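Enquirer: Before we start, here is the structure in question, set down as structure tokens.
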Ligand code: EPU
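What follows is the structure, encoded as structure tokens:
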């Protein structure tokens, strides 16, 4: 276990914001977490890989981070494998592990930054897949009582980028392990955007899908080691059918996806229409290849990023009459 006072979080947030945590604790096991919890005073913030966080100031409390590792097949039946993975495993290392074995289910989520624990909190998604579709069980520890609790997938309140862990139970539980169901005979999801090109090939494997997605992501999304960012800064809004039809009348070329409860409009497209793509405000900018991503051009303060965020939200609201909201957790 690592326990440090006045610890810099620079290497724990992909936006590259230099703030301190009053206390930082990194634990290696469930037992270590349960042992340390009673000694922690004040506010607690549990982080993962820091790829979806924007710190506005020093954190006056304890930042917790899991280093629980391990990928273990716990059950195999009817062409499925159940795999229990430690919350501190890097998400893409798990995807790579699955793809190397030919197991299907996680390949569309290749190269998403972050860790396994956060995958279950955030319901990470990309290329027509969401992690909720392969989650079976989320093991947690309650941060106040130190008690263990297992959430079956249908108790997790999953929706687009949402879960109980981000909403009604926010800040209450630390995820320790996630069990995923993978398929030995994968059924590939190739409907999203230009993945249809892949579907035209004769024989497509999970490894082909992973390769395709790695290339697609690398072409559009900035590498946080080069340009600080937290992936999509905004969520794609879901609007009513009436609102969608009204906007479509004015913008017939608008991309959209019909989803449960309405129509999802890509925020990146609206931001680009507002002229923000590639533009900067101080040292914060809108990525020139994907307008949903805000980047730190170098040494940006979180206030500069928040100012840019507010300016974009205002322009999108004025032009389309639609509110967009950050996906990134602003602390
Ligand atoms: N678009 C534009 N201009 C832009 C960006 C997008 O016109 O600057 C248009 C695209 O042409 C396309 C549509 O908007 O017609 C959707 O774009 P894209 O496929 O790039 O996906 P997205 O909706 O912008 C979401 C996820 C991404 C994920 C991609 C691919 C959210 C908030 N973001 O972005 O997730 O990689 O789909 O599945 O849902 C992340 O969460 O960090 C992330 C990168």
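Residue numbers (the working numbering): 19 to 349.
Beta carbons: idealized from backbone N, C-alpha and C, even for Gly.
This structure is a prediction, so every number in the text was calculated from the model and none was measured.
1) Tell me, to the nearest whole angstrom, how far the beta carbon of residue 320 is from that of residue 72; I am working on the premise that it is less than 8 Å.
2) Alpha helix (DSSP H) containing residue 329: first to last residue?
3) Here's the rule I'm using: 16 or more other beta-carbon atoms within 10 Å means buried, otherwise exposed. How should residue 141 be labelled?
4) By a C-beta neighbour count over all protein chains shown, 10 Å radius and 16 as the cutoff for buried, is residue 203 buried or exposed?
5) Just confirm the distance between the C-beta atoms of residue 247 and residue 185, as a whole number of angstroms; I'd bet it's less than 8 Å.
6) Taking 6 Å as the line, does the beta carbon of residue 310 fall inside it for any heavy atom of the ligand EPU?
7) Runs of 3 residues minimum, wholly inside the region 235-303: which ones carry the beta strand (DSSP E) assignment?
8) Along the beta strand (DSSP E) that carries residue 63, what are the first and last residues, could you check?
9) Tell me whether residue 255 is buried or exposed, calling it buried when 16 or more other Cβ atoms sit within 10 Å of its Cβ.
10) Mapping the DSSP letters down to three states, classify residue 126 as helix, strand or coil.
11) Taking the CB atoms as reference points, tell me whether residue 101 and residue 91 lie closer together than 7 Å.
12) Where does residue 75 sit, in a helix, a strand or coil, going by DSSP?
13) Within 10 angstroms of the Cβ of residue 263, are there 16 or more other Cβ atoms? Answer buried if so, exposed if not.
14) Work out the CA separation of residue 172 and residue 96 for me, nearest whole Å.
15) Report yes if the CB atom of residue 288 is closer than 7 Å to the CB atom of residue 222, and no otherwise.
16) Residue 213: buried (16+ other C-beta within 10 angstroms of its C-beta) or exposed?
Expert: Quick look at the numbers:
1) The pair is a contact, with the Cβ atoms about 6 Å apart (cut-off 8 Å).
2) Boundaries of the alpha helix (DSSP H) around residue 329: 320-338.
3) For residue 141, the number of other beta carbons within 10 angstroms of its own is at least 16, and it is reported as buried.
4) Here residue 203 is exposed. Its C-beta has fewer than 16 other C-beta atoms within 10 Å.
5) Not confirmed; about 25 Å, so no contact.
6) Yes - the ligand EPU has a heavy atom lying nearer than 6 Å to the Cβ of residue 310.
7) Within the region 235-303, the runs of beta strand (DSSP E) at least 3 residues long that lie entirely inside it are, in chain order, 246-250, 275-277, 280-282.
8) Residue 63 -> beta strand (DSSP E) spans 62-65.
9) So residue 255 counts as buried.
10) Three-state DSSP puts residue 126 in a helix.
11) Going by C-beta atoms, residue 101 is nearer than 7 Å to residue 91.
12) Of the three classes helix, strand and coil, the one that applies to residue 75 here is coil, per DSSP.
13) Residue 263 comes out exposed.
14) CA-CA distance, residue 96 to residue 172, rounds to 21 Å.
15) Cβ atoms of residue 288 and residue 222: not closer than 7 Å.
16) With 16 or more other Cβ atoms within 10 Å, it is buried.
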